[in-house]
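In structure tokens:
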């Protein structure tokens, strides 16, 4: 008798999940080919401005010279 309850519970849960999937698909229909023509792209687009030729960028220099001090919460005990 206990196996029947486990089996019927499993079948009922599967039926509920299936109905949920069917309802989600029916609520959001897909047009044919919509997955193929995705507009999403990744990467970076770099455009060189015409007034500044290649190689004329200034060299990057750090604003702070030497080692940076530790924050006060990480300095430890004095002495």
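Numbering (the numbering used here), first residue to last: -15 to 63. Beta carbons: idealized from backbone N, C-alpha and C, even for Gly.
Requested in this report: Quick one: give me the first and last residue of the alpha helix (DSSP H) that residue 83 is part of.
Outcome: Past the boundaries of the shown model lies residue 83; the chain is included only from -15 to 63, so the question cannot be answered.
Report task. Tell me whether residue 56 sits in a helix, a strand or coil according to DSSP, three-state version. Result -> helix
Query raised in the report: By how many angstroms is the C-alpha of residue 46 removed from the C-alpha of residue 58?
Result: 24 Å
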